[in-house]
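Here the sequence shown is numbered in this note's numbering, starting from 408 and rising by one per residue. One structure below.
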Amino acid sequence: MRLNITAWRRVVQLWRLAVLFLLSAGIAPGPWNMTGMAPRSYLPIAQRQSHQPNLLVNGSFETGNLNGWAASGTTGASNAEAHSGAWSARIAYARTSSAGMEADVLTRIGETYKFTGWVKIASESGSDWGGFRLEASSWDRKSLATSGPLLVAAHGNAWFKVALTFTATSNQTRVQIGYFGGPGRSQVVNVDDLALFVKGANLPPNVAINLTPNAIDRLPLTQQYSVVGDDPDGAIVHIAWDFGDGTHALSASGSRRVAIPGSYTATVRVADDDGAVISKTIAWSAAGGGIPSVTISTPAENNLAVHSATLAIGGRASTSTTNVRVSSDRDFAGAASGTAAWTAQVPLQPGWNRLLVQANDASGQISTAERIVRYIPNPPLRVSGLAESAPSIERWTPLELTFALENSAATNPQFPFDPAPPLGLEWIDGISVDALFTPDNWQTIYRRPAFLNQRYERALKNDQEWLYPSGDPVWTVRFAPPTVGVWKYRIEATEARGG
Ligand SMILES: [Ca+2]
Ligand SMILES: [Ca+2]
408 MRLNITAWRR
418 VVQLWRLAVL
428 FLLSAGIAPG
438 PWNMTGMAPR
448 SYLPIAQRQS
458 HQPNLLVNGS
468 FETGNLNGWA
478 ASGTTGASNA
488 EAHSGAWSAR
498 IAYARTSSAG
508 MEADVLTRIG
518 ETYKFTGWVK
528 IASESGSDWG
538 GFRLEASSWD
548 RKSLATSGPL
558 LVAAHGNAWF
568 KVALTFTATS
578 NQTRVQIGYF
588 GGPGRSQVVN
598 VDDLALFVKG
608 ANLPPNVAIN
618 LTPNAIDRLP
628 LTQQYSVVGD
638 DPDGAIVHIA
648 WDFGDGTHAL
658 SASGSRRVAI
668 PGSYTATVRV
678 ADDDGAVISK
688 TIAWSAAGGG
698 IPSVTISTPA
708 ENNLAVHSAT
718 LAIGGRASTS
728 TTNVRVSSDR
738 DFAGAASGTA
748 AWTAQVPLQP
758 GWNRLLVQAN
768 DASGQISTAE
778 RIVRYIPNPP
788 LRVSGLAESA
798 PSIERWTPLE
808 LTFALENSAA
818 TNPQFPFDPA
828 PPLGLEWIDG
838 ISVDALFTPD
848 NWQTIYRRPA
858 FLNQRYERAL
868 KNDQEWLYPS
878 GDPVWTVRFA
888 PPTVGVWKYR
898 IEATEARGG
């Protein structure tokens with residue numbers, strides 16, 4: 408027997424992929440949230456502006472009673488809720504014949520009036536036609552204006568303002584407030600700051616707008632927005648926010664997610680029930696800082712060939728970083744030591760190792776950096792542990808050789824060596840291992856490929872055969888000699904070992 412091992416060496420230029428991925432996580436524009444969402448806008452408590460004299464004698468109920476009103480059902484003054492002051496009127500309709508309050512005011516035929524009031528639906532259950540409503544009707548019981556049914560589905564449970572406009576057709580006009588509908592629904596509703604006055608030239612809404620925070624120094628962040636104010640002679644019926652960063656809202660207030668750095672101007676358009684629209688703007692900005700950054704200083708470049716099975720890797724991360732992790736595509740993951748200056752020891756597998764470094768901050772934002780190194784064991788490639796299945800065999804009987812290959816630099820020993828791998832797949836490098844057999848001192852050569860043979864143990868479980876890998880894969884060659892005699896063989900291994 409003669410054994411000759413040829414370890415083919417190929418010096419290749421290190422290809423420099425210059426791969427450095429800096430991925431910023433979580434900066435895609437997200438949907439903004441609306442909290443306390445209602446299809447129609449409602450506003451926080453605001454001071455009423457002075458306007459025409461109120462023809463209703465007790466519209467704020469601060470007397471603690473319903474003087475000036477005719478009440479029916481479970482209706483009374485309440486200090487459980489108030490839009491302003493301490494008192495409001497509370498109307499509870501629970502499937503009884505009626506619940507409400509009304510008042511008659513002296514009006515001039517042909518004059519246009521406004522009837523405004525704040526409403527808060529404290530509770531509601533069941534369903535039926537109609538609902539709570541505000542209405543103005545003439546002395547002969549013809550409706551002049553009505554709010555229509557006011558339900559939780561459209562108005563929620565917060566205070567909102569209703570404004571009606573009507574032209575009087577009789578010397579007295581009756582305003583009615585209460586439940587008007589079928590008995591299948593129950594509602595408890597508070598009303599406050601009711602006013603009836605002669606309509607003058609329309610006054611526009613008077614509002615202030617807020618964005619908090621408006622100088623954002625880290626992303627993403629939740630920003631609160633609000634419109635605070637009132638229409639002094641009516642009600643605000645539409646609000647449209649254009650935040651300037653491509654997002655919008657139709658509610659007076661809420662919160663939204665800010666994700667894109669920049670300097671912006673938010674515009675709010677507020678419309679009242681008479682069609683006046685005002686526009687307000689507010690500047691805000693979001694700085695892109697805050698997302699952690701990470702760099703790798705050691706090794707300084709990609710595609711480095713190293714000859715040690717352990718690589719020291721290290722670098723720096725921004726101060727907001729709370730931890731740095733290092734992983735490889737070759738079965739390693741672990742935490743680095745330190746953050747602002749971090750280091751880690753990474754065990755390498757032969758061949759190409761892609762190392763991923765992740766830095767994340769307390770809010771889960773992640774940046775990454777990557778290095779690719781190639782581990783080429785320093786000692787030359789060698790065969791060890793060679794074993795033959797038998798010292799002597801009969802013709803046509805397979806001989807099986809098993810052996811180990813030490814110090815291989817192949818990344819994927821299950822693939823054959825390719826001297827010209829496809830562009831981009833250079834790092835999927837393999838190793839070709841053949842056994843050459845000769846019966847006549849290398850005049851005639853039989854070449855047989857070796858393969859990595861994974862052995863299995865068989866087990867019977869529930870009448871089914873299971874195979875379990877047994878040990879590491881073993882290089883194996885099988886050859887059945889076609890002639891009798893004394894044979895020689897040698898093993899050749901070819902791989903790329905880089906430069
Ligand atoms: Ca009040
Ligand atoms: Ca107005």
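We put the CB at the ideal spot given by N, CA and C, even for glycine.
Practice task
Quick one: grab the DSSP three-state call for A866.
Solution key: The answer is strand: DSSP assigns A866 an E or B state.
Problem - Y896 to R723 span [Cα, whole Å] - result: Answer to the nearest angstrom: the Cα atoms are 54 Å apart.
Exercise for the section: Would you kindly work out how many angstroms separate the C-alpha atoms of S770 and N760, rounded to a whole number? Expected result: Distance between the alpha carbons of S770 and N760 is about 30 Å.
Problem - Where A666 sits in the DSSP three-state scheme - result: Reduced to three states, the DSSP call for A666 is coil.
Practice task
Consider the C-beta atom of E469 and the heavy atoms of ligand 1; say whether any pair is separated by less than 7 Å.
Solution key: In this structure, ligand 1 has a non-hydrogen atom nearer than 7 Å to the beta-carbon of E469.
Problem - Residue span of the alpha helix (DSSP H) that contains V559, given as start and end - result: Annotation for V559: the continuous alpha helix (DSSP H) segment containing it runs V559 to H562.
Handout entry: L473 CB to nearest heavy atom of ligand 2 below 7 Å
Key = Answer for L473: no, Cβ out of range of ligand 2.
Problem - Cβ-based neighbour list, L463, same chain, cut-off 8 Å, excluding 5 preceding and 5 following - result: Result list for L463: G475, A510, V512, V582, L601, A602 and L603, in chain order.
Problem - DSSP-derived helix/strand/coil call for H655 - result: Annotated three-state conformation of H655 is strand, per DSSP.
Handout entry: Bridge partners - I850, DSSP secondary structure assignment
Key = Before going on, a small fix: residue 850 reads as Gln here, not Ile. None; Q850 has no bridge partner.
Practice task
Please look up how many angstroms separate the CB atoms of V790 and F822, rounded, as I've assumed it's under 8 Å.
Solution key: 19 Å between Cβ atoms; not a contact.
Exercise for the section: Taking I623 and D679 to be in contact with their CB atoms under 8 Å, please state how far apart those CB atoms are, rounded to whole angstroms. Expected result: Approximately 32 Å separates the beta-carbon atoms of I623 and D679; this is outside 8 Å, ruling out the contact.
Handout entry: Through-space distance from G721 to P880, alpha-carbon basis
Key = For P880 and G721, the distance between alpha carbons rounds to 34 Å.
Practice task
Leaving aside the five residues before and after S479 along the sequence, list all residues of the same chain whose C-beta is less than 7 Å from its C-beta, in chain order.
Solution key: The answer, listed in chain order, is S505, A506 and G507.
Exercise for the section: Check whether the Cβ of A678 lies closer than 7 Å to any heavy atom of ligand 2, and answer yes or no. Expected result: No, ligand 2 has no heavy atom inside 7 Å of this Cβ.
Handout entry: At least 3 beta-carbon pairs within less than 8 Å: the stretch 737 to 745 vs the stretch 682 to 702
Key = Segments in contact, no.
Practice task
Counting only the same chain and skipping the five closest in sequence on each side, list residues whose C-beta sits under 8 Å from that of W894.
Solution key: Once the five neighbours on either side are set aside, the close Cβ partners of W894 are F844, T845, P846 and P888.
Problem - T883 versus T728 - alpha carbon distance - result: Distance between the alpha carbons of T883 and T728: 50 Å.
Handout entry: Cβ pair S633, A656 closer than 8 Å
Key = Result no, Cβ atoms of S633 and A656 do not sit closer than 8 Å.
Handout entry: Beta-ladder partner(s) of I835, from DSSP
Key = In DSSP, I835 forms no bridge with anything.
Exercise for the section: Would you mind listing the beta strand (DSSP E) stretches within the stretch 739 to 811 that are 3+ residues and don't spill past its ends, in chain order? Expected result: Runs found: 739 to 742, 748 to 754, 758 to 768, 773 to 782 and 789 to 795.
Problem - Beta carbon of V733 nearer than 8 Å to that of V753 - result: Contact: yes.
Exercise for the section: Can you tell me which of the three DSSP states K549 falls into? Expected result: DSSP places K549 in coil when its eight states are reduced to three.
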